[in-house]
Structure formats: C-alpha cells, structure tokens
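Asks: First residue of the sequence shown? That's 43 in the working numbering, and the numbers climb one at a time after it. Don't be surprised by glycine CBs; every beta carbon is placed ideally from N, CA and C. As the structure is a prediction and not an experimental result, all values here were calculated from the model.
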Amino acid sequence: MSKMAINPISYGRQDICSEDIQEVVKVLKSDYLTQGPAVSTFEQAVCRKVGAEHSVAVNSATSALHISCLALGVGKGDVVWTTPNTFVASANAALYCGATVDFVDIDPVTYNMCPEKLKSKLLICRDRGQLPKVVIPVHFAGRGCDMLAIKNLSIEFGFKIIEDASHALGSTYNGNAIGSCHYSDLCVFSFHPVKMITTGEGGLVTTNSVETHKKLVKLREHGITKSINDNELFDPSGEIWFGRQSTLGFNYRMTDIQAALGNSQLERLDEFLSTRQAIVKRYNTFFSNLPITTPHQPSDDICSFHLYVILLPDNGDRTTQATFFRHLRSCGINCSVHYIPVYKHPFYENLGFSSGYCPVCENYFHRAISLPIFTSLEEQRQQEVINAVNEFFK
Ligand SMILES: *Cc1c(COP(=O)(O)O)cnc(C)c1O
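(1) Who pairs with glutamate 253 in a beta bridge, going by DSSP?
(2) DSSP three-state call for tyrosine 225: helix, strand or coil?
(3) In whole angstroms, what separates the C-alpha of asparagine 49 from that of arginine 90?
(4) Quick check for students: name the residue ranges of the alpha helix (DSSP H) that lie wholly in the region 97–157, counting only runs of 4 or more.
(5) Take the Cβ of proline 337 as the centre, count every other Cβ of all protein chains shown within 10 Å, and call the residue buried at 16 or more, exposed below.
(6) Which first and last residues belong to the alpha helix (DSSP H) in which valine 427 is found?
(7) Spatial neighbours of phenylalanine 314 within its chain, please: C-beta separation below 6 Å, excluding the five flanking residues on both sides.
(8) Looking only at its chain, what residues have a beta carbon closer than 6 Å to the beta carbon of serine 466, apart from the 5 residues adjacent to it on each side?
(9) For the beta strand (DSSP E) containing glutamate 205, list its first residue and its last residue.
(10) Any heavy atom of ligand 1 closer than 6 Å to the Cβ of glycine 245?
(11) For ligand 3, I want to know if phenylalanine 129 counts as a neighbour, meaning its beta carbon is within less than 6 Å of at least one of the ligand's heavy atoms.
(12) Between which two residues does the beta strand (DSSP E) harbouring tyrosine 385 extend?
(13) How would you call asparagine 439, buried or exposed, if buried means at least 16 neighbouring beta carbons within 10 angstroms?
(14) Is the number of C-beta pairs between the region 317–329 and the region 386–395 that are closer than 8 Å three or more?
(15) Cβ atoms of alanine 94 and cysteine 223: under 7 Å apart, would you say?
(16) Out of curiosity, what's the CA-to-CA distance linking valine 122 and lysine 436?
(17) Sorry if obvious, but does the Cβ on threonine 267 come closer than 6 Å to a heavy atom of ligand 1?
(18) Can at least three beta-carbon pairs, one atom from the region 414–432 and one from the region 368–384, be found at a separation below 8 Å?
The following block contains the structure:
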C-alpha cells in the first residue's frame with residue numbers, strides 16, 4: 043500500500059533509453075548546441091516518416107500553432123474555429139494573433155470535431171458574414187478527424203486548415219500518415235514528454251507549400267532571413283554579411299540537444315505504437331463486460347493512442363465521475379480528464395462563453411477518465427489499473 047502511494051502510476055510519461063541518452067551526449071560534446079545539423083536531420087526524418095514535403099521544428103507545439111496561424115495570415119478581425127475537446131493551446135494560438143476564436147461541438151463516438159455541426163455552423167455564419175479564416179481540427183487521442191469532410195467544407199466555404207496532431211504522430215487517416223497534409227495546409231506535432239515521442243519540450247509543423255515553409259522558418263527566427271534576394275546586403279561575390287529582419291518574428295528555435303533526442307525517439311516510434319496497441323488490447327479485453335465505453339476503434343486507420351479514455355455510463359450523475367476518480371487515486375493511479383472544454387476555462391468564460399455552448403462535449407467531459415497509457419507501463423502495473431477499475435463496478 044505504501045509502495046503504491048510513493049510510486050503512483052501516471053496517465054502518461056516519457057520512455058528514454060540509453061541510445062537516446064548517447065545521442066544527446068554526442069551533441070553536448072559537439073560544436074553546435076543550437077542552429078547545428080541535428081535540427082534539419084530531425085526535420086527531414088519527420089518528413090520521411092509522415093510523407094510531407096517540408097517541416098519546421100520549433101520549441102513547442104504551442105509555438106508551432108502560433109506561427110502556423112501567422113503563416114496563413116491570421117490577424118485582427120479574423121475568426122478561427124477549433125474543437126472544445128482539446129488543450130487550450132489549440133485555441134490560444136488564434137488569440138496570440140489578435141483573432142477571435144470559436145468552437146464546434148464534437149462527435150459523440152470519436153470525440154473529434156463533428157463535421158455535420160461544422161457544416162451547420164458554417165451555413166449560419168456565412169449568412170452573417172462571419173466565416174472562419176482557419177479551422178483547427180484536433181486528432182483527439184490520435185484518432186484521425188473526418189478530414190475528407192472538413193477538406194470538402196474548406197473548399198465550399200473558403201477556409202484554411204491547420205491540423206493539431208499533437209496526439210497523432212504515427213496515426214494514419216484514409217491510408218495516409220497524419221502529417222502528410224493530404225487534407226490540410228499545415229499539420230502540427232508536439233514532443234512534450236507525455237506525447238508519442240519527446241524532445242523535452244518541442245514541436246514541429248509540416249506543410250507541402252514552399253511559400254508557407256519559408257514563412258514558418260522566418261517566423262521561427264526573429265523574422266530574419268539571409269536570403270539572396272536581400273542583395274544589397276551581400277558583397278559582389280555573394281558572401282552573406284548579415285541577415286535582415288523583414289517581419290516581426292520570434293525565437294521559437296528547437297535546440298540541437300532536443301533534436302538529437304527527437305531523432306533517436308523517432309526511430310523507436312513503430313515500437314512505441316505497437317506497445318500502445320498491446321496496452322489498449324489488454325484494457326479492451328478486461329473491460330468488455332463493464333458498463334463503460336472504451337475508445338472507438340477505427341477499422342482501417344492506425345490510431346496512436348496517445349490517450350486511453352473510458353466513458354462512464356450516461357446516467358446524468360456527475361458524482362460518479364468524481365467518486366471513480368478518487369477511487370483510482372486511492373489505488374495509486376493518477377488518472378486524468380482530457381479535456382475540460384476550452385471555453386469553460388475562466389479566461390474563456392471571461393471572453394463571453396457560457397456553459398452549455400457545446401452540449402455533446404460537456405456530456406463527454408462529465409463522463410471521461412483517461413487511464414494510464416505509456417510505453418513503459420509494465421503488464422503487472424497495468425493489471426493494478428484493471429483491478430482497480432473492476433473493483434469500482436463490483
Ligand atoms: C500538448 C498539446 C498541445 C501543446 O503542446 P506543447 O508542445 O506542450 O506546446 C497543443 N495541442 C494539443 C491537442 C496538445 O495535446
């Protein structure tokens with residue numbers, strides 16, 4: 043009992059091996075801690091993995107979302123739509139640019155943005171002249187959104203698409219890796235320690251547009267370029283004397299230390315994916331007779347299973363979730379809830395959003411529990427989780 047209290051099982055954590063450490067140490071002993079070769083090696087490796095033309099590594103997915111919005115021209119007077127069932131960063135990115143943000147309710151089976159609700163909201167807002175400039179679907183838990191439907195709507199209603207794939211490295215949709223930007227303009231990944239692979243902190247944007255790629259690189263590096271086009275700054279031999287700032291950019295660079303870890307982790311992604319599938323399979327088997335909803339399994343697509351979310355019965359009793367949560371905590375299991383609808387955070391309530399805005403998401407929120415899932419979760423420790431869940435329903 044005391045052992046469990048000292049060593050609780052968290053809902054997610056990193057998996058670092060000795061090769062990962064060696065790769066980081068190599069960079070620490072090299073000439074470049076930042077702006078060296080490891081970052082572009084990592085960018086190219088992610089491109090190959092997901093089948094994208096270009097990518098830009100940055101210091102977080104939050105930064106990646108920010109510069110993605112800026113690269114699509116999001117600014118004051120613009121509207122960006124996302125799902126309420128996400129981490130606040132998906133919505134905050136729009137606010138950083140001076141735009142306003144709005145939310146489209148979720149599908150009750152996939153917990154992703156609902157394309158029918160998106161369509162009806164678009165029809166209403168077109169009449170009012172308030173169409174979004176950008177829509178940010180989030181592949182919740184790694185489950186691909188209905189990108190085909192969203193892409194078709196983007197053509198009809200003229201908005202751009204940024205996929206928030208923070209959960210979804212390794213997932214596929216309709217036969218393509220998420221990140222290939224088959225149905226979007228840009229796609230963002232996170233490498234926070236709980237995500238599929240980690241760089242400590244880190245993020246990355248993929249795109250198939252040369253122009254957008256150029257903009258992203260510039261925004262990552264203070265708005266400064268050392269481009270041949272700035273020819274008055276070059277001597278006749280073409281030698282670069284200094285870069286020139288042409289827009290207001292940021293220092294959102296990823297270090298080579300982080301990129302080295304990312305490179306090493308990326309090589310382990312397939313192994314990570316199958317370990318997570320095995321954990322999911324075990325949970326599903328042991329929970330098949332319980333009155334809970336296990337994650338919907340797409341038939342043809344790979345789901346990364348960044349999260350394993352179960353839903354408690356829909357009996358309208360919110361105390362069940364709290365009791366269940368406390369029961370698991372008392373068994374040494376640090377479960378979690380993903381997510382409180384973004385607009386229910388005090389900051390967003392102060393912007394004018396009120397309870398009941400997205401009823402499907404709120405119903406979901408009051409029933410959802412994220413159980414531990416991470417690659418180093420030993421079978422025996424997973425059994426502790428399974429036993430604790432079963433005990434609750436006895
Ligand atoms: C983790 C996460 C982010 C933010 O990622 P950081 O790398 O921590 O900035 C954004 N969106 C979603 C859906 C996330 O899960």
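Replies: In terms of the structure at hand:
(1) Beta-bridge annotation (DSSP): glutamate 253 is not paired with any residue.
(2) coil
(3) Rounded to whole angstroms, asparagine 49 to arginine 90 spans 39 Å at the Cα level.
(4) Secondary structure remark: continuous alpha helix (DSSP H) runs of at least 4 residues inside the region 97–157, in chain order: 103–113 and 131–138.
(5) buried
(6) Residues 421–434.
(7) Thr417
(8) Missing from the structure shown is residue 466; the chain here goes from 43 to 436 and no further.
(9) 202–206
(10) yes
(11) Among the ligands present in this structure, namely ligand 1, ligand 3 is not found.
(12) Tyrosine 385 -> no beta strand (DSSP E), and no H or E assigned at all.
(13) Residue 439 cannot be examined here, being either before or after the span of the chain that is shown, 43 to 436.
(14) These segments do not touch.
(15) With contacts defined by Cβ atoms closer than 7 Å, cysteine 223 and alanine 94 form a contacting pair.
(16) C-alpha separation (whole angstroms): 46 Å.
(17) no
(18) yes
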